[in-house]
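Quick note: the sequence shown uses this note's numbering, first residue 2, plus one each step.
To keep things clear, I will list the structure first and then write my remarks on it.
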Amino acid sequence: MALIITFGELLAEFVAEEVGKGFLEPGSFAGPFPSGAPAIFADQAARIGASVAYIGHVGTDAFGEGIIRRLSADGVDVSSIHQHTERPTGTAFVAYAADGSRSYVFNIAASASGFLSARSVPENALEGAGYLHVMGSSLNSEGAIAALHVLLDQARQFGVKISFDPNVRVEMLHFKPMAEALNAVFEQCHLFLPSESDLQFFFPGVALDVALAGVFEKSNIEAVVLKRGAHGSTYIDRHSRLDAHPLPVVELDPTGAGDCFGGTFVGALALGNTPAQALRLANAAGALAVTRRGPMEGNSDLPQIELFLKEHSAHAERIA
């Protein structure tokens, strides 16, 4: 049985090659890259040696085959990824603005990923698992939310911890049930991995320190891992705080860095590392992720991470 179970969209992603070029006129896009936020997470956790299984749907087209081959080659259990002839594999197109922001065009609901439902979840899927990882951006349909609730019931049944990356996408919140589902997971999770902007969804208009204090009013939450991008990352539990300082890199593509960070942190914990060790590895993996173009292309294994940390030892050891 896998240590970590996750689920959600599986996408072929195309990324704009020119900054400032949006979708309103023709432009060049690189791809297809295997993608989907939970898929990036799963791939990275497996790359560092954690046992990971994925629940999801793709088409029988070349995009779907490429995604399955990539995840399987990196060690993810793909036996619960279903292939369909009726719909194509989902797609995502990403464009970059000069200020560093990104815009997206997704095809998820009308793709094979739209088949995700309660029936997608194997019976006793979480028996023997250590973590159920929930990616908030995956809660984009009634079927995905139904799958979530089956998995949450199994997590309670089998005593599995829930890690939760809200990954709130403003462009998806027009689907009204998503907000309710995000709050339901927030109230039940044990390990919470938000960005600073994610915290604003749960605590709108509230200062960061007040929001973090509010998190621990939720009885299940044992720890928060705050992803702070170019400012590093922070681990906070009810008794301690650890700050990992940023590692200097030249950013090429930020897409997927937070998912890579989360996959490393949860994977490291599942493998028995301490929070301090997991934060050190995840901070480095997140930095490495932005140095390659493509959402999953910056994922790394432990030797790569350790080499990177050695090369940046003056910064890497600054965890206090």
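Glycine included, each C-beta is placed from N, C-alpha and C at the ideal position.
From a predicted model like this one, the values you see are computed outputs, not experimental measurements.
Check	Outcome
Taking contact to mean at least 3 C-beta pairs separated by less than 8 Å, is the region 291-309 in contact with the region 254-263?	yes
For the beta strand (DSSP E) containing K22, list its first residue and its last residue.	Premise fails: K22 is in no beta strand (DSSP E) and is neither H nor E.
Starting from N141, trace the beta strand (DSSP E) both ways and give me its first and last residue.	No beta strand (DSSP E) holds N141; DSSP gives it neither H nor E.
Name the two residues that bound the continuous alpha helix (DSSP H) containing P304.	303-312
Classify G131: buried if its beta carbon has 16 or more other beta carbons within 10 angstroms, exposed otherwise.	buried
Between the alpha carbons of Q155 and T7, how many angstroms are there, rounded?	13 Å
Based on the DSSP output, what are the partners of P35 in its beta bridges?	A13
How big is the Cα-Cα spacing for Q84 and G60?	5 Å
Consult DSSP for D254 and reduce its assignment to one of helix, strand or coil.	coil
DSSP three-state label for R157, please.	helix
When you compare each of V226, P304, A113 to A277 by their alpha carbons, which one comes out closest?	V226
How would you label N125, buried or exposed, when you count the other beta carbons within 10 angstroms and need 16 or more for buried?	exposed
Can you check which of these residues, G233, R170, R239, is closest to P247 by C-alpha distance?	G233
Ignoring anything shorter than 4 residues, give me the alpha helix (DSSP H) runs that lie fully in the region 36-102, in order along the chain.	38-48, 63-74
DSSP on F202, reduced to helix/strand/coil?	helix
Per DSSP, what kind of secondary structure is A224 in: helix, strand or coil?	strand
Quick check: the Cα distance between D244 and P89, rounded to an integer number of angstroms?	43 Å
Taking V267 as the reference, give the member of S104, Y105, V135, A13 with the closest Cα.	V135
May I ask you to list the residues that DSSP assigns as paired with S104?	A96
Could you tell me which residues DSSP puts in a beta bridge with H134?	T7, S164
So G91 packs on S104, CB below 8 Å; how close in whole Å?	No, G91 and S104 are not in contact; Cβ-Cβ is about 17 Å, not under 8 Å.
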